[in-house]
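Trainee: Pasting a structure here, questions to come.
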Amino acid sequence: MLLTEMRPFQTLYSRTHFRYLISTKHPQIHKLYRTFHSTNHRLNKEPFTVSTVYDPVTGCLVTKPVAKSKHTEPESNSDYADALKDDRSYGSVLKANQGSWSGNKKKSKIKSTWVCSECGYADGQWWGYCRDCKNVNTMKELTEVDNGGKTNGFQVSEKIVQSWLPKGAGETVPLRLTDVNRGVNHSDWRFPLSGLFGDEVSRVLGGGLVPGSLVLVGGDPGVGKSTLMLQIAAIIAEGKEIGKPAPVLYVSGEESVEQIGNRADRMEISTDELFLYSSTDIEDILGKAQALSPRALIIDSIQTVHLIGVTGSAGGIYQVKECTAALLRFAKKTDIPVFLIGHVTKSGDIAGPRVLEHIVDAVLYMEGEQHSSIRILRAFKNRFGSTDELGVFEMSPSGLKAVKNPSEIFLSEGYSDSEFLAGLAIAVVMDGSRTFVIEVQALCASGSSLSRQVNGVQAGRADMIISVLMKQAGLKLQSNAIFLNVVSGATLTETAGDLAVAAAICSSFLEFPIPSNVAFIGEIGLGGELRMVPKMEKRVSTVAKLGYKKCVVPESAEKLLCRLDLGEIEVLGCKNLKEVINSVFITS
Ligand code: TYD
Ligand code: MG
15 MLLTEMRPFQ TLYSRTHFRY LISTKHPQIH KLYRTFHSTN HRLNKEPFTV
65 STVYDPVTGC LVTKPVAKSK HTEPESNSDY ADALKDDRSY GSVLKANQGS
115 WSGNKKKSKI KSTWVCSECG YADGQWWGYC RDCKNVNTMK ELTEVDNGGK
165 TNGFQVSEKI VQSWLPKGAG ETVPLRLTDV NRGVNHSDWR FPLSGLFGDE
215 VSRVLGGGLV PGSLVLVGGD PGVGKSTLML QIAAIIAEGK EIGKPAPVLY
265 VSGEESVEQI GNRADRMEIS TDELFLYSST DIEDILGKAQ ALSPRALIID
315 SIQTVHLIGV TGSAGGIYQV KECTAALLRF AKKTDIPVFL IGHVTKSGDI
365 AGPRVLEHIV DAVLYMEGEQ HSSIRILRAF KNRFGSTDEL GVFEMSPSGL
415 KAVKNPSEIF LSEGYSDSEF LAGLAIAVVM DGSRTFVIEV QALCASGSSL
465 SRQVNGVQAG RADMIISVLM KQAGLKLQSN AIFLNVVSGA TLTETAGDLA
515 VAAAICSSFL EFPIPSNVAF IGEIGLGGEL RMVPKMEKRV STVAKLGYKK
565 CVVPESAEKL LCRLDLGEIE VLGCKNLKEV INSVFITS
């Protein structure tokens with residue numbers, strides 16, 4: 015017990031008497047503590063508790079005062095006695111304790127935040143579900159320690175770019191739109207990417223690479239993000255479109271420069287201006303970039319880099335956010351475009367790029383099925399263009415190649431056999447702004463078990479189409495097992511594919527092969543009627559370009575399409591499924 019805490023009793027007892035009571039562990043001290051405790055409680059000061067413990071030395075039960083607050087807890091009776099030696103020493107003990115207490119208080123300034131691993135929503139409280147995206151069990155606790163104003167992303171990028179550019183923050187003032195656009199040719203603004211591969215990437219970026227943009231490229235591990243970025247880096251470095259090569263810095267925190275070099279060699283990349291660097295320290299990376307002054311900077315991946323002084327290990331949410339903040343400032347101040355690669359983990363881990371979607375200018379996702387070599391690069395967010403665009407690539411032993419006719423990638427190889435094979439029909443679906451021709455296969459087997467298996471079509475949608483065929487078109491499918499399949503592992507997500515699914519089932523059930531040059535576009539209603547779908551003109555003109563001779567569409571679309579010049583293709587408008595069956599499945 016400290017002197018200050020004893021002071022209320024000093025008016026009642028002399029100092030010598032106190033010392034005596036403590037040194038002899040006199041029973042009266044317990045009474046004193048109890049009195050002190052209740053007095054203190056009344057005075058609303060730090061309370062003391064009295065606990066009884068077994069003392070192995072004396073073999074008796076001993077009652078000891080225990081301070082609730084650790085910093086003022088006396089170790090033993092001798093502490094009291096020592097403390098009692100000098101009044102000033104109490105003051106100093108107290109001050110020291112206060113000092114350390116306030117020091118502890120500063121150190122332990124820990125802030126807990128609950129962050130959703132799906133959408134990045136942050137809440138100060140745990141709710142069991144995300145109040146933004148409503149996902150359950152996605153809130154992860156993150157503790158942020160106030161590091162007393164140490165490094166952050168802002169400071170790092172400022173430090174780097176301040177020494178690089180003469181531009182000061184004070185020079186920037188609000189500008190009129192007309193002044194901003196005066197003398198600027200926006201078609202020259204973007205950096206063009208050459209070749210078929212470059213065209214596909216440009217299309218996704220909204221027409222070329224924007225100076226000072228921060229682009230996040232996400233995708234599952236192993237989908238080909240590093241391969242894609244290395245090829246993009248080479249194209250930017252070569253600068254064929256503008257006839258001037260310039261350095262591009264590819265930084266990897268995952269692979270050594272030798273490994274990247276080996277990969278580049280396999281992909282036959284041999285540009286002089288591509289610089290490789292292996293590092294995970296953002297300050298170091300920006301420092302090296304400063305020395306090189308590259309045309310573009312690529313970071314593979316954002317989950318491997320870190321900023322010294324920021325809480326958590328690389329890949330943690332604070333590291334990822336601070337590093338991205340540093341790179342964003344760097345990109346905006348220097349006009350150097352920065353590409354970040356980010357992994358999407360299966361568990362939707364907190365360090366996934368989803369947390370960063372709000373910070374970056376564009377988010378591109380690379381998608382691909384496990385057993386397919388087709389890779390699709392899709393814009394999920396783009397401040398400089400449409401998110402409808404997608405690039406189609408094929409992974410080959412020598413890297414990614416742009417697909418020449420993406421509309422045909424979902425056609426089966428034995429497509430020409432459909433002249434003889436029943437159960438095949440062609441659907442025309444849109445993904446973003448691109449049209450894909452997809453082959454749907456059906457098999458109706460009578461006499462076997464009445465199971466239904468669907469692949470690539472939503473089970474509920476398939477059930478509905480089969481029921482409509484039975485009820486509204488009079489097809490006796492009840493005694494058949496029905497199998498549906500969409501080739502190349504594609505999935506029909508659009509209702510525009512309904513008619514092709516129905517046509518494939520009819521073809522198999524009636525054992526009537528559909529000619530290979532017929533395509534089907536349309537949604538089916540519960541009454542068996544055919545309904546219009548969006549972008550009809552684009553769909554029909556795509557199949558016309560691909561050499562199809564006939565396109566079956568809803569009747570309402572026929573009138574619209576008649577006015578267009580679609581070449582030789584015959585547009586056949588049908589009101590309902592019965593009309594489709596009567597006009598397609600007849601021998602001429
Ligand atoms: P990678 O770019 O390393 O994927 P990510 O960076 O997204 O993890 O590519 C990994 C896969 O790509 C790997 O399974 C092998 C394949 N690949 C090819 O088929 N051909 C190639 O030329 C290269 C470089 C990779
Ligand atoms: Mg990689």
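Terminal number for the sequence shown in this note's numbering: 602, no gaps in between.
Quick reminder that beta carbons are idealized off the backbone N, C-alpha and C, glycines included.
Between the Cα of Gly267 and the Cα atoms of Gln245, Gly220, Ala260, Leu321, which residue gives the shortest distance?
Mentor: For Gly267, the nearest C-alpha among the options comes from Leu321.
Trainee: Spatial neighbours of Gly581 within its chain, please: CB distance less than 7 angstroms, with the 5 preceding and 5 following residues excluded, ordered by chain position.
Mentor: Cβ neighbours of Gly581 beyond the five flanking positions: Ala558.
Trainee: Thinking Gly233 and Met409 are a contact (beta carbons under 8 angstroms), I'd like their distance in whole angstroms, please.
Mentor: Not really, about 12 angstroms apart at Cβ, beyond 8 angstroms.
Trainee: Mapping the DSSP letters down to three states, classify Asn499 as helix, strand or coil.
Mentor: Correct three-state label for Asn499: strand.
Trainee: So Met380 is in the beta strand (DSSP E); what residue range does that whole segment cover?
Mentor: 376 to 382 is the extent of the beta strand (DSSP E) around Met380.
Trainee: Cα separation between Gly446 and Thr294?
Mentor: If you take the alpha carbons of Gly446 and Thr294, they lie about 36 angstroms apart.
Trainee: Taking C-beta to C-beta, are Ile249 and Ser208 nearer than 9 angstroms?
Mentor: Result yes, Cβ atoms of Ile249 and Ser208 sit closer than 9 angstroms.
Trainee: Would you check if the region 380 to 395 and the region 274 to 288 touch, i.e. whether three or more CB-CB distances between them fall below 8 angstroms?
Mentor: The region 274 to 288, when compared against the region 380 to 395, does not touch it at the 8 angstroms Cβ threshold.
Trainee: Could you tell me the distance, in whole angstroms, from the CA atom of Gly221 to the CA atom of Ser400?
Mentor: Looking at the two C-alpha atoms, the distance is approximately 10 angstroms.
Trainee: Kindly give me the distance between the Cβ atoms of Tyr562 and Val598, rounded to whole angstroms, as I take these residues to be in contact under 8 angstroms.
Mentor: 14 angstroms between Cβ atoms; not a contact.
Trainee: Quick check on this structure: which residue in Phe526, Val265, Arg545, Cys565 has the alpha carbon closest to the alpha carbon of Val554?
Mentor: The option with the nearest alpha carbon to Val554 is Cys565.
Trainee: Taking DSSP as the reference, what is the three-state secondary structure of Thr294?
Mentor: Looking at Thr294 - three-state DSSP - the assignment turns out to be coil, as it is neither helix nor strand.
Trainee: I'd like the span of the beta strand (DSSP E) that includes Lys395, first residue to last.
Mentor: Run containing Lys395: 388 to 396, per the beta strand (DSSP E) assignment.
Trainee: Report the rounded CA-to-CA distance for Val443 versus Asp286, giving the unit in angstroms.
Mentor: Taking the straight line joining both Cα atoms gives about 43 angstroms.
Trainee: Does at least one heavy atom of the ligand TYD sit under 8 angstroms from the Cβ of Asp279?
Mentor: Not so, every heavy atom of the ligand TYD lies at least 8 angstroms from the Cβ.
Trainee: Looking only at DSSP bridge pairs, what is Arg448 linked to?
Mentor: DSSP output for Arg448 lists Asp445 as bridge partner(s).
Trainee: Between the alpha carbons of Ala416 and Thr348, how many angstroms are there, rounded?
Mentor: One C-alpha to the other measures close to 31 angstroms.
Trainee: Would you say Gln245 and Leu414 are within 9 angstroms of each other, going by their C-beta atoms?
Mentor: Yes.
Trainee: Specify, as a first and last residue, the run of the beta strand (DSSP E) that Glu584 falls within.
Mentor: That run of the beta strand (DSSP E) goes 584 to 588.
Trainee: My output table needs one value for Cys130: the three-state DSSP class, helix, strand or coil.
Mentor: Strand.
Trainee: Using only the heavy atoms of the ligand MG, determine whether one of them is closer than 8 angstroms to the beta carbon of Asp314.
Mentor: Asp314 Cβ: within cutoff of the ligand MG.
Trainee: Please report the straight-line C-alpha distance between Leu370 and Asp213, rounded to a whole angstrom.
Mentor: Each residue's Cα considered, the two are about 26 angstroms apart.
Trainee: Less than 8 angstroms between C-beta atoms, sequence neighbours within five positions excluded: which residues of the same chain meet that for Ile603?
Mentor: For residue 603 there is no data in the structure shown, the boundaries of the chain being 15 and 602.
Trainee: Among the residues of its own chain, which have a CB less than 6 angstroms from the CB of Ser52, if the five just before and after it don't count?
Mentor: The predicted model places Ser52 with a pLDDT of 46, which falls under 50 and marks its position as unreliable; any figure quoted below should be read in that light. If we look at Ser52 and ignore the five residues flanking it on each side, it has no Cβ neighbours.
Trainee: Under the assumption that Ala247 contacts Ala260 (Cβ atoms under 8 angstroms), give the Cβ distance between them as a whole number of angstroms.
Mentor: Between Ala260 and Ala247 the Cβ distance is about 12 angstroms, and since that is not below 8 angstroms, they are no contact.
Trainee: Val451 to Asp137, Cα distance in whole Å?
Mentor: The straight-line gap from Cα to Cα measures roughly 45 angstroms.
Trainee: Hey, would you say the C-beta of Ser270 is under 8 angstroms away from at least one heavy atom of the ligand TYD?
Mentor: No - the ligand TYD has no heavy atom lying nearer than 8 angstroms to the Cβ of Ser270.
Trainee: To the nearest angstrom, how far is the alpha carbon of Thr152 from that of Val129?
Mentor: The straight-line gap from Cα to Cα measures roughly 8 angstroms.
Trainee: Rounded to the nearest angstrom, what separates Phe534 and Leu578 at their Cα positions?
Mentor: Whole-angstrom Cα-Cα distance: 18 angstroms.
Trainee: Only counting the same chain, and skipping five residues up and downstream in sequence, which positions put a Cβ closer than 6 angstroms to that of Ala11?
Mentor: Lying outside 15 to 602, the shown extent of the chain, residue 11 is not represented and no answer is given.
Trainee: Which runs of the beta strand (DSSP E) fall wholly inside the region 541 to 596 and span at least 3 residues, in chain order?
Mentor: Qualifying beta strand (DSSP E) stretches, in chain order: 564 to 568, 584 to 588.
Trainee: Hey, would you say the C-beta of Ser8 is under 8 angstroms away from at least one heavy atom of the ligand MG?
Mentor: Only positions 15 to 602 of the chain appear in the structure, and residue 8 is not among them; the question remains open.
Trainee: Taking Ser240 as the reference, which of Arg545, Ile440, Leu354 has the closest Cα?
Mentor: Comparing Cα-Cα distances from Ser240 to each of Arg545, Ile440, Leu354, the minimum goes to Leu354.
Trainee: Just to confirm, does Val215 get its C-beta within under 8 angstroms of one of the non-hydrogen atoms of the ligand TYD?
Mentor: Result no, Cβ not under 8 angstroms from the ligand TYD.
Trainee: In the structure shown, what three-state DSSP assignment does Ser530 receive?
Mentor: In this structure, Ser530 counts as coil in the three-state DSSP scheme.
Trainee: If I follow the unbroken alpha helix (DSSP H) through Phe424, where does it start and stop?
Mentor: Careful: Phe424 lies outside any alpha helix (DSSP H) and carries neither H nor E.
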